[in-house]
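There are 2 protein chains.
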Amino acid sequence: MLAARLHGFGKADAVLRLDPLDPAPPGPGEVRLEMLAASINPADLNIIEGTYGQLPALPAIIGNEGVGRVAAVGAGVTTLRVGDLAAPLDPGSWGQSRTLAAERTIPLPAGIDPAQAAMILVNPPTAHAMLHGFAALAPGDWVVQNAANSGVGRAVIPIARSLGLRTLNVVRRPELVDELLALGADRVVTEETDLRTAGPDLMDGAHARLALNAVGGTSALNLANALAPGSPHVTYGAMSRQPLKIPNGLLIFRGLRFEGFWLRRWFADTPPAEQSRVFALLAAMIRDGTLRVPIHATFPLRDLHAALQEAATERRGGKVLLDLTVA
Amino acid sequence: MLAARLHGFGKADAVLRLDPLDPAPPGPGEVRLEMLAASINPADLNIIEGTYGQLPALPAIIGNEGVGRVAAVGAGVTTLRVGDLAAPLDPGSWGQSRTLAAERTIPLPAGIDPAQAAMILVNPPTAHAMLHGFAALAPGDWVVQNAANSGVGRAVIPIARSLGLRTLNVVRRPELVDELLALGADRVVTEETDLRTAGPDLMDGAHARLALNAVGGTSALNLANALAPGSPHVTYGAMSRQPLKIPNGLLIFRGLRFEGFWLRRWFADTPPAEQSRVFALLAAMIRDGTLRVPIHATFPLRDLHAALQEAATERRGGKVLLDLTVA
């Protein structure tokens, strides 16, 4: 089997190689997965560059997110059987075979689309956790987000809808408006819309109770201006690479709270049983099509470097996937 | 009696006048206070200018903070007797007489210094509330603050000490270092000290669990860089008039929370019994000298405008007070 192994940090061409490796047989409590698909996320690119907040010991098979079919089961495993689909919880999915503890996988329901399931681990729990972890929201409340056409943004829209929340979505390109409305967004505007003045009209006279920011800079401030007093403003990305600039009055007089979300912290702080409950819910939403991410392109593993280049481009229509069933 | 009444918002000379008024006799549940002293706070100046977050209906006797002696008691008042000292909870203290509900005053213990008691309402509860309301602190934990020689900063130091907390204090002028150490500060440094590099050494290898910011701009960021992951950074003032500039990594990877504190919100959100408990504790600390603010100058009420000019200067050695016992 082939796996993408990182031997240093820097340009992918120089540090990331497809190495031939022997699949390991599963020990007690372990399963071996024949991997089907994996996704390429911004965090993967940052890990290759060495700029991510937490870096692996080298050499390392990388890839945060993927899905496989159980090919062999070790002694004592009761949660998975040969033929089941499962998504590994730990990094290392950019390879054709993985052997890991059964309890470090998410069991997936029969009938789920493997390509969609290969995107369950990062964006859907990010959206779910941000909608649950920062504000006590009630049906009818508004959530405002930028980068609404990103993987997380597209997960926020249907998950918020399933909770009875309404979403005000900010995008850069006007051609995305109809697409997000079709996905269930309540309102979609472009970055040029000043939410301090236009927000209340857009939200039927209300202010938002939660802001989700993946951009930073002026876009982050625009979201803050749409918030009700005392509301949280959560940063989970920094696409503009600009810091947040927060007028003191938003902190002192409006009592806004500026916080951050990092999925690795959520995994570290959330009990395993709660994680399982969340992923079972998200898997059900993927299987029934409620959660669905457009796929921009799928590359065989041998074209890894072309796939990484494609994933690094600014204007994609969806995720870039690796097909791991062919070498 | 004379009282300082605001007739508009703008330059104090034009909008604030000393008006002769008749003292009102106390109705049921009310007391009449002969006012002894009042303080001038930055919020008072901002109200006169019309730039504060909440403005009174005009004309209004202003003055957030003062102390008086009970001169008459209405029917049914059991908490105060003639001769007792009390501090009004509501604005309107820049006058020689006040009549208000007994339950809208803080009863003060006999033997308390009236000049010090005239500064109980704003800075001490701000310091107390910020030390209790944002982080679960344990004895030995470090608190980092800028503007450490301000009224709030000087209250933070002894209150933190009484809780077993340690303080790292940032000041602008090196000549303040010894003064704050004498007040019980554990460490005092000037604004030029880079806390990202120097912080752990200053705090015996630890990071701070709470930052209190009254400056904004680069000073606010400097405090943030001294914080342990997941800690709150609380803004209650903006002396530099510069917004906060927050690198995204402090939010996402370090999980810092940037919040704000406004005393009016604390009064609105805190049950009266809890407010009484806090003020009884603070009054005891003022009476025994644990809480003590230097007084820069005291002006008779007729010199109100000179007092306001003095209070607006940058480099004072302490608070400016109004003596209300003389006209």
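Chains as they are written, first to last, in this note's numbering: chain S, 42 to 368; chain F, 42 to 368. All residues carry an ideal CB built from backbone N, CA and C; glycine is no exception.
- Message: Against chain F, with Cβ distances strictly below 8 Å, would F302 of chain S count as a contact?
- Response: Here the question's residue 302 of chain S lines up with position 261 in the first sequence. It does; some Cβ of chain F falls within 8 Å.
- Segment contact, 8 Å Cβ cut-off, at least three pairs: the region 97-108 of chain S with the region 154-168 of chain S: A contact is defined here as three or more CB-CB pairs under 8 Å, and the region 97-108 of chain S meets this definition with respect to the region 154-168 of chain S.
- Item | Contact set between the region 286-311 of chain F and chain S, restricted to residues whose Cβ is under 8 Å from the partner | Look at the region 286-311 of chain F: the residues with a C-beta under 8 Å from a C-beta of chain S are K286, I287, P288, N289, G290, L291, L292, I293, F294, R295, G296, L297, R298, F299, E300, G301, F302, W303 and R306.
- Item | Separation of S272 of chain F from L291 of chain F, as counted between CA atoms | Taking the first residue of the second sequence as 1, we reach residue 291 of chain F at position 250. Taking the first residue of the second sequence as 1, we reach residue 272 of chain F at position 231. Rounded to whole angstroms, the gap between the alpha carbons of L291 of chain F and S272 of chain F is 10 Å.
- Within 7 Å of chain S by C-beta, residues of the region 266-282 of chain F in sequence order: Against chain S - using a Cβ distance shorter than 7 Å - the residues of the region 266-282 of chain F are T276, Y277 and A279.
- Item | Amino acids of chain S, ordered along the chain, whose beta-carbon sits closer than 7 Å to that of P284 of chain F | One-based indexing of the second sequence puts residue 284 of chain F at position 243. One finds K286, I287, P288 and N289 in chain S with Cβ atoms closer than 7 Å to the Cβ of P284 of chain F, taken in chain order.
- Query: Given a threshold of 16 other Cβ atoms within 10 Å of its Cβ, counted over all protein chains shown, does P61 of chain S qualify as buried or as exposed?
  - Reply: Within the first sequence, numbered from 1, the residue matching residue 61 of chain S stands at position 20. So P61 of chain S ends up on the exposed side.
- Can you grab the Cα-Cα spacing for the pair G133 of chain F / E232 of chain F, in whole Å? One-based indexing of the second sequence puts residue 133 of chain F at position 92. One-based indexing of the second sequence puts residue 232 of chain F at position 191. Straight-line Cα distance between these residues: approximately 36 Å.
- Where does the unbroken alpha helix (DSSP H) through A259 of chain S begin, and where does it stop? Within the first sequence, numbered from 1, the residue matching residue 259 of chain S stands at position 218. A quick correction: the sequence has Thr, not Ala, at residue 259 of chain S. That run of the alpha helix (DSSP H) goes G258 to A265.
- N-terminal and C-terminal residue of the beta strand (DSSP E) that N210 of chain S is part of: For the purposes of this step, residue 210 of chain S is taken as residue 169 along the first sequence, with counting starting at 1. According to the DSSP assignment, N210 of chain S belongs to the beta strand (DSSP E) that extends over R207 to V212.
- Message: Taking 8 Å as the threshold (beta carbon to beta carbon), is G422 of chain F in contact with chain S?
- Response: Look at the range of chain F in this structure, 42 to 368, and you will see that residue 422 of chain F is not part of it.
- Item | Contiguous alpha helix (DSSP H) assignments of at least 4 residues, all confined to the region 57-128 of chain S | Within the region 57-128 of chain S, the runs of alpha helix (DSSP H) that reach at least 4 residues and sit entirely inside it are, in chain order, 83-90.
- Item | Reduced DSSP category for T366 of chain S - H, G, I as helix; E, B as strand; rest coil | Translated into positions along the first sequence, residue 366 of chain S becomes position 325. Residue state, collapsed to three classes: coil.
- Task: Go through the region 162-204 of chain S residue by residue and report every complete run of the alpha helix (DSSP H) that reaches 4 residues or more, in order.
- Result: Counting only runs of 4 or more residues that sit fully inside the region 162-204 of chain S, the alpha helix (DSSP H) segments are 164-174 and 192-203, in chain order.
- List, in order along the chain, the chain F residues whose C-beta lies closer than 7 Å to that of G240 of chain S? Residue numbering aside, residue 240 of chain S sits at position 199 when the first sequence is read from its first letter. Simply none; closest approach about 19 Å.
- Select from the region 252-266 of chain F all residues with a C-beta closer than 8 Å to any C-beta belonging to chain S, and list them in chain order. G257: these are the residues of the region 252-266 of chain F whose beta carbon lies less than 8 Å from some beta carbon of chain S, given in chain order.
- Item | For D154 of chain F and I327 of chain F, the rounded distance between their alpha carbons | As a working mapping, residue 327 of chain F is identified with position 286 in the second sequence. As a working mapping, residue 154 of chain F is identified with position 113 in the second sequence. If I take the Cα positions, the gap works out to 8 Å.
- Task: Let me know the secondary structure DSSP gives S272 of chain S once reduced to three states.
- Result: Reading the first sequence from its first residue, position 231 is the one you call residue 272 of chain S. Coil at S272 of chain S, not helix or strand.
- Query: What is the residue span of the alpha helix (DSSP H) that L222 of chain S lies within?
  - Reply: Numbered from 1 along the first sequence, position 181 holds the residue referred to as residue 222 of chain S. Counting along the chain, the unbroken alpha helix (DSSP H) around L222 of chain S starts and ends at V218 to L224.
- Query: By the 10 Å Cβ neighbour count, where 16 or more other Cβ atoms means buried, how is A347 of chain S classified, buried or exposed?
  - Reply: As a working mapping, residue 347 of chain S is identified with position 306 in the first sequence. Burial check for A347 of chain S: the Cβ neighbour count within 10 Å stays below 16, so the residue is exposed.
- With distances taken from CA atoms, which of F:V334, F:N263, F:G152 and F:T259 is nearest A249 of chain F? For the purposes of this step, residue 249 of chain F is identified with residue 208 of the second sequence, where counting begins at 1. Here the closest residue by C-alpha is F:N263.
- Task: Please report how far the alpha carbon of D344 of chain F lies from the alpha carbon of R145 of chain F, in whole angstroms.
- Result: Here residue 344 of chain F corresponds to residue number 303 of the second sequence, with the count starting at 1. Here residue 145 of chain F corresponds to residue number 104 of the second sequence, with the count starting at 1. Approximately 28 Å between the Cα atoms of the pair.
- Helix, strand or coil for I153 of chain F per DSSP? Residue 153 of chain F sits at position 112 when you count from the first residue of the second sequence. Note: I153 of chain F maps to coil in three-state DSSP.
- Euclidean distance between Cα positions of A265 of chain S and T238 of chain S: Translated into the one-based positions of the first sequence, residue 265 of chain S becomes position 224. Translated into the one-based positions of the first sequence, residue 238 of chain S becomes position 197. About 12 Å.
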